[in-house]
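Undergrad:
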Amino acid sequence: RSRKQIDDFGNFIKIYGAKGLAYIKVTERAKGLEGITSPVAKFLNAEIVEAILERTGAQDGDMIFFRADNKKVVADAMGALRLKLGKDLSLTDETKWAPLWVIDFPMFEDDGEGGLTAMHHPFTSPKEMTAAELKASPEDAVANAYDMVINGYEVGGGSVRIHSGEMQQTVFG
C-alpha cells in the first residue's frame, strides 16, 4: 500500500468518528522490530508491537491497521474499513452464500455517562447467570440473543426473554 492509500483509509474512517489510523507494515517478520515500518511503533513498547504481530499472525508483506478509541468508534470505523478493504482488494466474493449466526453479545453497553444500558432491550435474559451474579458484575453478562446475517446483511434476530421477577428487577437496577 502506498502512503496515499493509507492516508485515504485514514480519511475514510474519520466518517465514523475516528481521529486517525495506526498501522504496521511488515517487511521482514523474522527481523522483529527492524523488519517493520510504522509511524506509531515509537510510541509503543517492543512487547506490545510483538504482541500485535503475534496476535494477527503477521507475515512478510502484511499491513496491520488498528485504532484506539472508545469501543463504538473503533467497532464502527474498523468494521467499515474491513468491508472497504474487502471490496477494494477484491477479497470479497460477491457470489458466495455466507450465512452466519451472531451470538454472545454483551448484555450491556456504556451509556456515555459512566453507567450501563441494555444493548438490545431490558427484557433479554442473560446467559448462564443468576440475578446475584448479574448485580455483582453486569459488565460480564452475555445476552441470550442472536442475529442471523447473510452476506453481511442482518435478516433476523431475537432473544430469550427474562422469566424471573428477580432477574427483571436486577436488570432494571
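Under the numbering used here, the first residue of the sequence shown carries the number 1347, and numbering increases by one thereafter. All C-beta atoms, glycine included, are put in the ideal place defined by N, C-alpha and C.
(1) Of all the alpha helix (DSSP H) runs that stay within the bounds of the stretch 1437–1502, which reach a length of 4 or more residues?
(2) Would you say residue 1417 and residue 1459 are within 9 Å of each other, going by their C-beta atoms?
(3) May I ask you to check if the CB of residue 1387 is nearer than 8 Å to at least one heavy atom of the ligand GDP?
(4) May I ask you to list the residues that DSSP assigns as paired with residue 1507?
(5) Give me whichever residues DSSP pairs with residue 1372 in a beta bridge.
(6) With distance defined between alpha-carbon atoms, name the residue in 1370, 1374, 1466 nearest to residue 1410.
(7) In whole angstroms, give me the CA-to-CA distance for residue 1461 and residue 1485.
TA: Taking the geometry as given:
(1) 1477–1482
(2) no
(3) The ligand GDP is absent from the structure shown, which contains no ligand whatsoever.
(4) 1470
(5) 1382
(6) 1370
(7) 10 Å
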